[in-house]
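Those protein sequence lines, which keep their order, are chains A and B.
Under our numbering, read the first sequence as residues 1 to 290, first letter to last.
Under our numbering, read the second sequence as residues 1 to 76, first letter to last.
The C-beta atom is built at its ideal place from N, Cα and C for all residues, glycine as well.
Notes to accompany the following structure.
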Amino acid sequence: MTLAQALFMGLLQGATELFPVSSLGHAVLIPSLLKWSFKQSDPSFLPFLVLLHIGTATALLVLYRQEWVGIIRGFFAAAIRGQIQNDTERLSMLLLVGTIPAAILGVFLESKIKTLFASPSVAAAFLIVNGLLMIGFEVLRRRAERRTPVTASSRAEQEEHFAQAERISFRAAAIVGACQALAFLPGISRSGVTIGGGLLAGLRHQEAARFSFLLATPVILAAGVVEVPQLFSSGVPVGEYLAGAVLSGIAAYASARFLLRYFRSGRLDPYGIYCIAAGLVSLALLHFNL
Amino acid sequence: MKSTGLAIGLGVLGVVFLIIAVLYAFGVLQIAVSDPHASHHYTHTILFVVLAVASFVAANFARPKGTVYVTDRPRR
Numbered sequence: 001m002t003l004a005q006a007l008f009m010g011l012l013q014g015a016t017e018l019f020p021v022s023s024l025g026h027a028v029l030i031p032s033l034l035k036w037s038f039k040q041s042d043p044s045f046l047p048f049l050v051l052l053h054i055g056t057a058t059a060l061l062v063l064y065r066q067e068w069v070g071i072i073r074g075f076f077a078a079a080i081r082g083q084i085q086n087d088t089e090r091l092s093m094l095l096l097v098g099t100i101p102a103a104i105l106g107v108f109l110e111s112k113i114k115t116l117f118a119s120p121s122v123a124a125a126f127l128i129v130n131g132l133l134m135i136g137f138e139v140l141r142r143r144a145e146r147r148t149p150v151t152a153s154s155r156a157e158q159e160e161h162f163a164q165a166e167r168i169s170f171r172a173a174a175i176v177g178a179c180q181a182l183a184f185l186p187g188i189s190r191s192g193v194t195i196g197g198g199l200l201a202g203l204r205h206q207e208a209a210r211f212s213f214l215l216a217t218p219v220i221l222a223a224g225v226v227e228v229p230q231l232f233s234s235g236v237p238v239g240e241y242l243a244g245a246v247l248s249g250i251a252a253y254a255s256a257r258f259l260l261r262y263f264r265s266g267r268l269d270p271y272g273i274y275c276i277a278a279g280l281v282s283l284a285l286l287h288f289n290l
Numbered sequence: 001m002k003s004t005g006l007a008i009g010l011g012v013l014g015v016v017f018l019i020i021a022v023l024y025a026f027g028v029l030q031i032a033v034s035d036p037h038a039s040h041h042y043t044h045t046i047l048f049v050v051l052a053v054a055s056f057v058a059a060n061f062a063r064p065k066g067t068v069y070v071t072d073r074p075r076r
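Right, dumping it as structure tokens:
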């Protein structure tokens, strides 16, 4: 992989990781469509992607730095006391409950997912599924909005009738967390399924995105800690990869800021339509070998 | 849902998870691993340490606490 390719992949990963469009799917598809010579089945490719994910996780840590300090303090306070006394402590426990299902599924399904990983056609097909999921989540959300008795003059006001992340139930947090495991399939977006899960649990769009970003951080970091030693031991161009990771972090930070603003009144549908279109075009290009 | 029995059960579960974590760390346990020839399985170790911590936290939550009496007026 050249420096330009590593930088491009970093930018792509950072920009697509937090958007509900599957960064992994794009990372598998784009090099194949551009006919780049490096192989996605290469042992160093997965650790490279993990390094890019660490760039993203660092961006999220920077974005939510004050909140994470509160969450960690809240976790220890509640864990030692054996009782939740405020919203921050509740959020810390929700994040723990949400992280465990994804961690279990991730650890035990890892090898099977790696087998699927190297196929661009599979990624394109799952991208279409991801798009349908995004549209499906919004269809169900609109039904819930119609059931809300209060009329609102704007979308932002309408959103205010839904809950904040701290108010989600522990069962819903576990289900949303388990949904993260779907994102191990290339083409299915982690942020997409967790934001969608949050919407079904009654969260505002912006709060669902915030919960999704907070939930993603420990999983991505833990995956990185495990995989990075492999990256350094396999004799790959670490400098180029690190440059890609830095670019990934910058792009992720900008994406997160944009999305949090967008979801004040925006919906998932445009991303769903994009995923279906991108998946269909990719399948056609791969099929006709263009 | 608070009971001493549940708290003890969760505490025991936490200890079991810790033992499993140690066994994975030293490569004694080879169940559901991607590379059976590896001498350490750190991913599994981290997972079971997290599960152990979660079990201990849940045990502390399940433990019945001392009764707190709340009165309407402050005592003089």
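| query | What do you get for Glu160/A, buried or exposed, if any count of 16 or more other CB atoms within 10 angstroms of its CB means buried? | reply | It is exposed - the Cβ of Glu160/A has fewer than 16 other Cβ atoms within 10 Å.
| message | Can you give me the C-alpha to C-alpha distance between Val176/A and Val193/A, rounded to a whole angstrom? | response | Taking the straight line joining both Cα atoms gives about 8 Å.
| 8 Å CB neighbourhood of Ser154/A in its chain, flanking five on each side removed | These residues qualify, in order along the chain: Ser265.
| query | Do you know whose CA, among Phe170/A, Leu63/A, Ala178/A, Leu94/A, lies nearest Ala103/A's CA? | reply | Measuring from the Cα of Ala103/A, the nearest candidate turns out to be Ala178/A.
| query | Considering Gln158/A, what are the terminal residues of the alpha helix (DSSP H) in which it resides? | reply | In the DSSP assignment, Gln158/A falls within the unbroken alpha helix (DSSP H) covering 155-159.
| request: Evaluate Glu157/A with the Cβ neighbour count: other Cβ atoms within 10 Å of its Cβ, from every protein chain shown; 16 or more gives buried, anything less gives exposed. | output: With fewer than 16 other CB atoms across the displayed protein chains lying within 10 angstroms of its CB, Glu157/A is exposed.
| request: Return the CA-CA distance between Arg355/A and Ala163/A, expressed in angstroms with no decimal places. | output: Not covered by the structure: residue 355/A. The range shown for chain A is 1 to 290.
| In this structure, does DSSP put Ala163/A in helix, strand or coil? | In the structure shown, Ala163/A sits in a strand (DSSP, three-state: E or B).
| query | Going along chain A in order, which residues have a C-beta closer than 7 Å to the C-beta of Ala32/B? | reply | Contacts between Ala32/B and chain A, judged by CB atoms closer than 7 Å, involve Phe108 in chain order.
| request: Label Arg141/A either buried or exposed according to how many other C-beta atoms from any shown protein chain fall within 10 Å of its C-beta, with 16 as the threshold for buried. | output: So Arg141/A ends up on the buried side.
| Does Ile100/A have its Cβ less than 7 Å from a Cβ in chain B? | Chain B, which has a Cβ nearer than 7 Å to the Cβ of Ile100/A, makes this yes.
| said: Let me see if you follow: with CB-CB separation under 7 Å, is Ala103/A close to chain B or not? | reply: Yes, Ala103/A lies at the interface with chain B (some Cβ there is under 7 Å from its Cβ).
| request: Could you pull out every residue in the same chain whose Cβ sits closer than 6 Å to the Cβ of Leu13/B, ignoring the five residues on either side in sequence? | output: For Leu13/B, where only same-chain residues beyond five positions count, the Cβ hits under 6 Å are Ser55.
| field | Other residues of its chain near Gly10/A: CB distance less than 8 Å, five sequence neighbours each side excluded | value | Around Gly10/A: Leu52, Gly55, Ala243, Gly244, Ala245, Val246, Leu247, Ser248, Ala251.
| message | Let's see if you can read the secondary structure: which residues bound the alpha helix (DSSP H) around Arg65/A? | response | That run of the alpha helix (DSSP H) goes 65-81.
| request: Return the CA-CA distance between Ala183/A and Ser22/A, expressed in angstroms with no decimal places. | output: One C-alpha to the other measures close to 8 Å.
| Proximity winner among Phe8/A, Pro20/A, Leu7/A, Gln5/A, relative to Tyr258/A (alpha-carbon distances) | Sequence inspection shows Phe at residue 258/A; the Tyr mentioned does not correspond to that position. Ranking Phe8/A, Pro20/A, Leu7/A, Gln5/A by Cα distance to Phe258/A puts Pro20/A first.
| message | Please identify the residue among Leu127/A, Glu67/A, Ser191/A whose C-alpha is closest to the C-alpha of Gly275/A. | response | Here residue 275/A is Cys; the residue named in the question, Gly, does not match the sequence. Comparing Cα-Cα distances from Cys275/A to each of Leu127/A, Glu67/A, Ser191/A, the minimum goes to Leu127/A.
| request: Following the continuous alpha helix (DSSP H) through Asn130/A, name the residue where it begins and the one where it ends. | output: 120-147 is the span of the alpha helix (DSSP H), which, as asked, contains Asn130/A.
| Contacts that Val226/A makes with chain B (C-beta to C-beta distance below 9 Å) | The contacting residues are Tyr42, Thr43, Ile46.
| task | Grab me the residues of Thr88/A's own chain with a C-beta within less than 7 Å of its C-beta, minus the 5 sequence neighbours each way, in chain order. | result | Closer than 7 Å at Cβ, skipping near neighbours: Gly70, Ile71, Gly74.
| query | Quick one: is Ala79/A near chain B, going by C-beta distance under 7 Å? | reply | Yes, Ala79/A lies at the interface with chain B (some Cβ there is under 7 Å from its Cβ).
| query | The alpha helix (DSSP H) spanning Gly25/A covers which residue range? | reply | Looking at the DSSP string, the run of the alpha helix (DSSP H) that includes Gly25/A is 23-33.
| request: Hey, could you find the ends of the alpha helix (DSSP H) His44/B is sitting in? | output: Bounds of the alpha helix (DSSP H) holding His44/B are 42-62.
| request: Would you grab the beta carbon distance between Ala124/A and Gly279/A for me? Rounded to a whole angstrom, and I think it's under 8 Å. | output: Beta-carbon to beta-carbon, Ala124/A and Gly279/A are separated by about 5 Å, close enough to satisfy the 8 Å threshold.
| message | Run through chain B and tell me which residues come within less than 9 Å of Ala222/A, C-beta to C-beta. | response | Against Ala222/A, the close residues of chain B are Thr43, Ile46, Leu47, Val50, in the order they occur along the chain (beta-carbon pairs closer than 9 Å).
| query | By DSSP, does Leu91/A sit in helix, in strand, or in coil? | reply | Correct three-state label for Leu91/A: helix.
| query | Is Leu96/A close to chain B, meaning its C-beta is less than 7 Å from at least one C-beta of that chain? | reply | Flagged as an interface residue toward chain B: Leu96/A, by a C-beta distance shorter than 7 Å.
| Candidates Ile188/A, Leu96/A, Gln5/A, Val107/A: closest to Ala172/A by CA position | Ranking Ile188/A, Leu96/A, Gln5/A, Val107/A by Cα distance to Ala172/A puts Leu96/A first.
| Apart from the five residues just before and just after Val228/A, which ones in its own chain have a Cβ nearer than 8 Å to its Cβ? | Non-local beta-carbon contacts of Val228/A in its own chain, meaning distances under 8 Å to residues more than five positions away in sequence, involve Pro47, Val50, Leu51, Ile54 in chain order.
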